[in-house]
Structure formats: C-alpha cells, structure tokens
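Engineer: Be aware that the sequence shown starts at 1, since it is given in the working numbering, and climbs by one per residue.
Glycine included, every Cβ here is placed at the ideal spot set by N, Cα and C.
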Amino acid sequence: MSFAVIINHDLFKKKWLQALRQAAPELPIAAFPDIASPEKVTFLLVWRPPAGVFSRFSNLQCIASAGAGVDHIFRAGPVPENVSITRVVDEQLTRDMGLYLAGQVIAYARDFYTYLRAQQQRHWRPRMYKRTDDLTVGIMGLGVLGIHAAEVLHQLGFKVRGWSRTPKSWPHIQTFAGDEQLPAFLQDTHILINLLPLTEQTRGILSNELFAMLPDGAYLINAARGAHLVEKDLLTALDSGKLTGACLDVFCEEPLPNDHPFWERESIIITPHVASITQPERVAPQIIDNYYRLQKGQPLLHTVDRQRGY
1 MSFAVIINHD
11 LFKKKWLQAL
21 RQAAPELPIA
31 AFPDIASPEK
41 VTFLLVWRPP
51 AGVFSRFSNL
61 QCIASAGAGV
71 DHIFRAGPVP
81 ENVSITRVVD
91 EQLTRDMGLY
101 LAGQVIAYAR
111 DFYTYLRAQQ
121 QRHWRPRMYK
131 RTDDLTVGIM
141 GLGVLGIHAA
151 EVLHQLGFKV
161 RGWSRTPKSW
171 PHIQTFAGDE
181 QLPAFLQDTH
191 ILINLLPLTE
201 QTRGILSNEL
211 FAMLPDGAYL
221 INAARGAHLV
231 EKDLLTALDS
241 GKLTGACLDV
251 FCEEPLPNDH
261 PFWERESIII
271 TPHVASITQP
281 ERVAPQIIDN
291 YYRLQKGQPL
301 LHTVDRQRGY
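1) Counting along the chain, where does the beta strand (DSSP E) carrying I268 start and finish?
2) Quick check on the DSSP output: what are the complete alpha helix (DSSP H) runs of length 4 or more inside the region 239-267, in order along the chain?
3) Can you tell me whether C252 is buried or exposed? The criterion is at least 16 other CB atoms within 10 Å of its CB, across all chains shown.
4) DSSP state of G157, grouped into three classes?
5) Considering only the alpha carbon of each residue, which of A246, W170 and D34 lies closest to A149?
6) Could you say if the region 290-306 and the region 179-193 meet the contact criterion of at least three C-beta pairs nearer than 8 Å?
7) Measure from the alpha carbon of I35 to the alpha carbon of each residue in D10, R21, V5 and S55, then state which is nearest.
8) Cutting at 8 Å between CB atoms, please list the residues of its own chain near P38, excluding the five before and the five after it.
9) What did DSSP end up calling A275 once you bin it into helix, strand or coil?
10) Rounded to whole angstroms, what is the Cα-Cα separation between D216 and T303?
11) Identify, in the order they occur along the chain, each residue of the same chain with its Cβ nearer than 7 Å to the Cβ of G146, setting aside the five sequence neighbours on each side.
12) Whose C-beta lies closer than 6 Å to the C-beta of G98 among residues of the same chain, with five residues either side of it excluded?
13) Which residue comes first and which comes last in the beta strand (DSSP E) that contains M140?
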C-alpha cells in the first residue's frame, strides 16, 4: 500500500476515491484514518490534512495537493525536505476562476447587487452605470489564474493591469513587480482582484496600508485565501468610504461563523469558496500520472517551489 488519501471533507473524499479508482482500478488506495501500514505509504493526496499527520509516514516521498493551493500542506507540516510537493493544474479550474471574476466585476460595474437590494425594498432606483473603459482592474498575482483572468477582462473591454512579486510581461496588460512598484500599481486601480498565493510575505497584505494606496471608492475582490485579508481593516476601509464594497470568496475561518460582522454588511458580497472548485474526475489522471512517475524515478508534474511557497 503506497498510495493514500487524506481529505478533510467526507463528500469530497468519497468523490476523490471514486475518481482515483476509476482512473487506476489496479491501484490499492487507502484513506485516512483507515491506513493500516502508514510506513508503506510513499505518495499522499491531501486536502487540509490535520496538523502533524505527515510524521506518521516514515517513507513518504510526495505530497500532492488536491487543489491548486498548497498553503494547507505547509500549515499541517513540517514536511521533510526530501518530500516533493505538487499541486493541481487544470484548464477548467482556470476558466471557472476567469468566469467568476468577470461576473463579479460586471456585477459591480452595472450595480447588479445594488438593484437586488432595491428590489427587496420595492424601490425603483435607476443609476448611471460604469462603462468598461472607465474602469481599471488590477490583478495581484500573475500566475496561470491571474493571466487568464486578465485576458478575459481585457476581451470584455476593461483596462487591466497586474502586479506580481517578480517581473512578468504579457500582451494587453500593464505589469508591475515588487514592493517598489506596488504604489504605482494601486494608485489607478478601481477594482482590485487578489489572486496571490498565500505565503509569509503575502499573509495580511490586504490591509489599511495597502487600501490607502488605492483611489477613494475602490472595490475589492478576494478569491485567493482568507488570510490575505486583515478583516478589521476591511471594515475600517468600508466605514471611511475608502472602499465602496468588497466581494469575498475566501475567509480566515470557513464556514464563516454566523455571528461574523461581514454577514451584516450590504457592501460585502459573500460567496462560500466556490470561485473555482476542483473536479476530481478531471484531475485524477494527472495525480495517478505523478504517482507512477514517482515509482519510476521520473520528474513530477506541477511541483511546488518551497522557497516561494507555490
């Protein structure tokens, strides 16, 4: 038994096991906590594993994330240096994120949520809407998801700019890089989208310090990780009018507690971490491929750089 699954969600775990067994019916797969011989496990597929669990697997060689993010793996660590870490890369995930972000940007530009609230009060309140060429969308994080989202928004007519930790260039996108160029990136950004990976450098980056560099009345969309956002700073920015609103798909605590102040804010749109959801049946073959690559000593696909954290 050298392949095991640790997924902290019963339904998600069931779907993954079905998809993996369909992709590789010849492969015995154990699922945590029912792993009889952890010392024989060399390959783990995980999603939000419990803290300290990796120490049970003395011959572990690879930890595969069941999603595009890997911060949940580092939270559960430590991960031995000789253990490879991989993540999921899927075109459908990329397209799904692009559609989600385009939908939220358009909803903000055309005041759809404002009209929904007006409808609930039976108020007829026409507004002058914002046109695409009047708005600049800034994307923090120019990985696969960020570049695709930028292309989608550009095709819709929005002015798009992007910021990343290291310099990158892409057609149709004005790009900025590093801390020194962050103020220039933010100063003309009307809609800020966060798609950064969660690292120690990016944790809490959405804060009062960053919001102060945006134009007054900017709008925030966070579809990366909840820990990127300093929640009290968002409330302060909304109260002061620095931000007109926010759309949040991710939170520090999920599910969002019933008594959380975000629920009571009309200016905050909440979606329950659904911007882009992994479909196990689509990505199980790449997981199985990596497993057999590991057995043959071949290079793994979609490996993570530990120093960068993604």
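Structural biologist: Here's the rundown:
1) In the DSSP assignment, I268 falls within the beta strand (DSSP E) that extends over I268 to I270.
2) Inside the region 239-267, DSSP marks no whole alpha helix (DSSP H) run of 4 or more residues.
3) Classification for C252: exposed.
4) Three-state DSSP puts G157 in coil, outside helix and strand.
5) Looking at the Cα atoms, W170 is the closest of the given residues.
6) Under the three-pair Cβ rule at 8 Å, the region 290-306 does not count as touching the region 179-193.
7) V5 is the residue among D10, R21, V5 and S55 whose C-alpha sits nearest the C-alpha of I35.
8) Correct list, in chain order: A4, R56, F57 and S58.
9) Note: A275 maps to coil in three-state DSSP.
10) Straight-line spacing of the CA atoms in D216 and T303 works out to 40 Å.
11) Closer than 7 Å at the Cβ level, and outside the excluded window around G146, lie I139, G162 and L195.
12) So the list reads H148, A149 and V152, once near-sequence residues are dropped.
13) Start and end: T136 to M140.
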